[in-house]
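Residue numbers (the working numbering): 1139 to 1476. Glycine included, each C-beta is placed from N, C-alpha and C at the ideal position. Keep in mind it's a predicted model, so treat the numbers as computed, not measured. Only one structure is covered here, and it is reproduced in the block below.
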Amino acid sequence: MIPTSTGCTTARKRLKWGNHLAQGYRKPRYDVEGLKAVKLELQTAGGSRATLLPERGGLLSSLALKSADGMSRDVLWLSHQFDLRESGWPAGGMPLMFPFAGRVFHGLTPFQYELAGKIWQMPLHGFAYAHKWRVVAADDRTAVLSLHTSDASRQLFPFDFDLKVKYTLNDTSLLIDTEVSCLGAHSPLAPRMPMALGWHPYFYLPKWQGSVDATARLQTSAQIQLPVTAIGGAGKPTAFPGSSLPDHQVLHQAHLSNLILGDLKSDQALVEFPASGYAIALGWDPSYRYLVLWTQSGQEFHCVEPWMGLPDALNNGAGLRWLAPSESHRSRVTIGIL
């Protein structure tokens, strides 16, 4: 099993992640004519690779890991229509959802929330994916990206914050360490900063005999399932039928295309590809309490997303965290290959 947990901590001191790595910082590359797009490429001696796009929402756009048979396996899917020049939802790779995963609501109105006596707008999955990130440090196997408060973020979220993500690439796994720091509030009516972030990996479904591998299946310890409602909230929980051994659910089944899983009894889930002979291991620490499953018919991906909270966590409180000024929260997600 891949080591996944560093624990969930709240600290007064901010992390100091490897300033010595800065000397390995890679110069910007021009990947699109007329556009300066910083592209960080991590690689191990064993041939595993990861690509980060700091100026495109800090997106982890690709990941390839070496499986036990020595083959390099593409882990993440990215559409051929992906455009570096845009700032909308990337619909591929592994974007971070911050400050809230999913939708927030003001009453029954989505993408709005009430805080500090005011109604605020909040896009689906937050705003971190739409902003340019800064490269704090990087070398061949490690990169630290940072997103800081901006005038644009203050229009959506009345807090000063610092968000750091550290990527560490190994031959068979990628470690993703996240630190969220509250630097201050803008209203005495809301002295603490709320957040319930999540990750949205688009796991690539390999081809088998010319079509998407229909044997792909999920192994999870989840005990309950919650449907996603018509307006994008969380429905009533029921027992998850995959919670009894052998804990396998074939992913192409319709009921697994838009579903929330909870009451996770372990810190790992497997996305298995029996026909192709390997599996993706997704791990998380106790900060993450839910897995969200999502896909689109006919596409070559299936999302298995670790979320801290439920949709509309700001109002229902499920998985929501409040950070006072100078407080930080750290969490870890891992992706491995078996």
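Environment of A1407 [buried if 16+ CB atoms lie within 10 Å]: Taking the sequence shown and counting its residues from 1, the one referred to as residue 1407 is at position 269. It counts as buried.
Beta-carbon proximity of G1371 to H1269, cut-off 8 Å: For the purposes of this step, residue 1371 is identified with residue 233 of the sequence shown, where counting begins at 1. For the purposes of this step, residue 1269 is identified with residue 131 of the sequence shown, where counting begins at 1. Taking 8 Å as the Cβ cut-off, G1371 and H1269 do not qualify as a contacting pair.
Under 8 Å between C-beta atoms of P1365 and L1321: Here residue 1365 corresponds to residue number 227 of the sequence shown, with the count starting at 1. Here residue 1321 corresponds to residue number 183 of the sequence shown, with the count starting at 1. Against a cut-off of 8 Å, the Cβ pair of L1321 and P1365 comes out as no contact.
Nearest residue (CA-CA) to L1356, options L1389, L1301 and S1225: Your numbering for residue 1356 matches position 218 in the sequence shown. If we check each option's Cα against that of L1356, L1389 comes out closest.
Candidates G1184, A1183, E1465 and R1470: closest to P1329 by CA position: Translated into the one-based positions of the sequence shown, residue 1329 becomes position 191. The residue with the shortest Cα to Cα distance from P1329 is E1465.
Chain D within 8 Å of F1439, Cβ atoms only: Among the protein chains of the structure shown there is no chain D, as only one such chain exists.
C-alpha gap between S1217 and I1418, whole angstroms: Translated into the one-based positions of the sequence shown, residue 1217 becomes position 79. Translated into the one-based positions of the sequence shown, residue 1418 becomes position 280. If you take the alpha carbons of S1217 and I1418, they lie about 20 Å apart.
Cutoff 7 Å; reference Q1259; Cβ partners in own chain excluding five residues on either side: The residue given as residue 1259 occupies position 121 in the sequence shown. Taken in chain order, the residues that qualify are F1249, Q1250 and L1294.
Euclidean distance between Cα positions of F1243 and R1279: As a position in the sequence shown, residue 1243 is number 105, starting the count at 1. As a position in the sequence shown, residue 1279 is number 141, starting the count at 1. Looking at the two C-alpha atoms, the distance is approximately 40 Å.
T1472, DSSP secondary structure in three states: In the sequence shown, the residue the question calls residue 1472 occupies position 334. Reduced to three states, the DSSP call for T1472 is strand.
Per DSSP, the bridge partner or partners of H1244: Here residue 1244 corresponds to residue number 106 of the sequence shown, with the count starting at 1. T1247.
Same chain, Cβ closer than 6 Å to S1404, five either side skipped, listed in chain order: The sequence position of residue 1404 within the sequence shown is 266, counting from 1. If we look at S1404 and ignore the five residues flanking it on each side, its Cβ neighbours are S1359.
Burial state of A1275, where buried means 16 or more other Cβ atoms lie within 10 Å: Residue mapping note: residue 1275 aligns to position 137 of the sequence shown, counting from 1. A1275 should be labelled buried.
Cβ neighbour criterion (16 or more within 10 Å) applied to A1451: Here residue 1451 corresponds to residue number 313 of the sequence shown, with the count starting at 1. Counting Cβ neighbours within 10 Å, A1451 comes out buried, since at least 16 surround it.
Buried versus exposed call for K1374 [16 or more other C-beta atoms within 10 Å across all chains shown]: The residue given as residue 1374 occupies position 236 in the sequence shown. With fewer than 16 other beta carbons inside 10 angstroms of its own, K1374 counts as exposed.
Beta-carbon proximity check, F1236 vs M1331, cutoff 8 Å: The count along the sequence shown starts at 1 and reaches residue 1236 at position 98. The count along the sequence shown starts at 1 and reaches residue 1331 at position 193. Not in contact: F1236 and M1331 (Cβ atoms no closer than 8 Å).
For F1220 and L1420, the rounded distance between their alpha carbons: Translated into the one-based positions of the sequence shown, residue 1420 becomes position 282. Translated into the one-based positions of the sequence shown, residue 1220 becomes position 82. Roughly 24 Å separates the two Cα atoms.
Contact belief for E1443 with L1429 at Cβ below 8 Å, rounded distance in angstroms: Counted from its first residue, the sequence shown places residue 1443 at position 305. Counted from its first residue, the sequence shown places residue 1429 at position 291. Contact holds; Cβ gap of about 7 Å.
Pick from G1415, L1253 and A1352 that is closest to G1436, judged by C-alpha positions: Residue numbering aside, residue 1436 sits at position 298 when the sequence shown is read from its first letter. Of the listed residues, the one whose Cα sits closest to G1436 is A1352.
Close-in-space but distant-in-sequence residues of the same chain around L1201 (CB under 7 Å, 5 per side omitted): Translated into the one-based positions of the sequence shown, residue 1201 becomes position 63. Result list for L1201: A1188, V1213, L1214, L1312 and I1473, in chain order.
Sequence ranges, beta strand (DSSP E) only - wholly within the region 1383–1462, length at least 3: Counting whole runs of 3 or more residues, the region 1383–1462 contains the beta strand (DSSP E) stretches 1386–1388, 1396–1402, 1406–1411, 1416–1422, 1428–1432, 1439–1445 and 1459–1461.
Own chain residues within Cβ distance below 6 Å of S1199, not counting five before or after: Taking the first residue of the sequence shown as 1, we reach residue 1199 at position 61. The residues are T1189, L1191, L1216 and G1231.
Integer-rounded CB distance, given that R1211 should sit under 8 Å from I1475: As a working note, residue 1475 is residue 337 in the sequence shown. As a working note, residue 1211 is residue 73 in the sequence shown. About 6 Å; that satisfies the 8 Å criterion.
Straight-line Cα distance separating L1343 from A1239: Within the sequence shown, numbered from 1, the residue matching residue 1239 stands at position 101. Within the sequence shown, numbered from 1, the residue matching residue 1343 stands at position 205. Roughly 24 Å separates the two Cα atoms.
Entirely enclosed alpha helix (DSSP H) segments - the region 1267–1319, minimum 4 residues: Entirely contained in the region 1267–1319, the alpha helix (DSSP H) runs reaching 4 residues are, in chain order, 1289–1292.
Nearest to L1327 (by Cα), restricted to the options F1297, G1208, N1453 and A1392: Taking the first residue of the sequence shown as 1, we reach residue 1327 at position 189. Ranking the options by Cα distance to L1327, first place goes to F1297.
Cα-Cα separation between W1271 and R1223, rounded to whole angstroms: Numbered from 1 along the sequence shown, position 133 holds the residue referred to as residue 1271. Numbered from 1 along the sequence shown, position 85 holds the residue referred to as residue 1223. So the alpha carbons of these two residues sit roughly 14 Å apart.
Where P1326 sits in the DSSP three-state scheme: Mapped onto the sequence shown, residue 1326 falls at position 188. Of the three classes helix, strand and coil, the one that applies to P1326 here is coil, per DSSP.
Length of the line joining the Cα atoms of S1469 and G1245: Taking the first residue of the sequence shown as position 1, residue 1469 is located at position 331. Taking the first residue of the sequence shown as position 1, residue 1245 is located at position 107. Cα to Cα, S1469 sits roughly 30 Å from G1245.
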